[in-house]
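Trainee: For reference, the structure I am asking about is given below.
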Amino acid sequence: MVSRDTSKQSDELVTQLYRDMPTAKKAKLLFDAMRMGQQLAMAGLRQLHPQADENQIWHLWAKQHLGEELYQQAYGDSR
Numbered sequence: 010m011v012s013r014d015t016s017k018q019s020d021e022l023v024t025q026l027y028r029d030m031p032t033a034k035k036a037k038l039l040f041d042a043m044r045m046g047q048q049l050a051m052a053g054l055r056q057l058h059p060q061a062d063e064n065q066i067w068h069l070w071a072k073q074h075l076g077e078e079l080y081q082q083a084y085g086d087s088r
């Protein structure tokens, strides 16, 4: 993927760094980014639902993340 705001040399350097990076480190970066996304989404849900406890926030996030149908299959009405 080519960035519009990054020089070709910088793009090539980053690409090479990722190619040379051990798989375990790439996986850690991926999971860290996913965790950060979840934390940001849950922070937004806390602002939208200030009276909700952490269990309710988690279920709101899961429903948003999985979609209604998959959420119901996984959790039913277990809020």
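Under my numbering, the first residue of the sequence shown carries the number 10, and numbering increases by one thereafter.
We put the beta carbon where it would ideally sit given N, CA and C, even for glycine.
Can you tell me whether residue 16 is helix, strand or coil according to DSSP?
Mentor: Here residue 16 refers to the residue found at position 7 of the sequence shown. Residue 16 falls in the coil class under three-state DSSP.
Trainee: For the segment 10 to 20 and the segment 29 to 44, state whether three or more C-beta atom pairs, one from each stretch, are separated by less than 8 Å.
Mentor: The segment 10 to 20 vs the segment 29 to 44: no contact.
Trainee: From which residue to which residue does the alpha helix (DSSP H) around residue 53 run?
Mentor: For the purposes of this step, residue 53 is identified with residue 44 of the sequence shown, where counting begins at 1. Run containing residue 53: 32 to 57, per the alpha helix (DSSP H) assignment.
Trainee: Checking 8 Å against the spacing of the C-beta atoms, do residue 70 and residue 52 come in under that value?
Mentor: The residue labelled residue 70 in the question sits at position 61 within the sequence shown. The residue labelled residue 52 in the question sits at position 43 within the sequence shown. For residue 70 and residue 52, no; Cβs fall outside 8 Å.
Trainee: Pull up the distance between the alpha-carbon of residue 81 and that of residue 62, whole angstroms please.
Mentor: In the sequence shown, counting from the first residue as 1, residue 81 sits at position 72. In the sequence shown, counting from the first residue as 1, residue 62 sits at position 53. Cα to Cα, residue 81 sits roughly 20 Å from residue 62.
Trainee: Using only alpha-carbon positions, find the residue among 33, 74 and 34 that is nearest to residue 46.
Mentor: Along the sequence shown, read from residue 1 onward, the residue named residue 46 stands at position 37. Nearest of 33, 74 and 34 to residue 46, Cα basis: 74.
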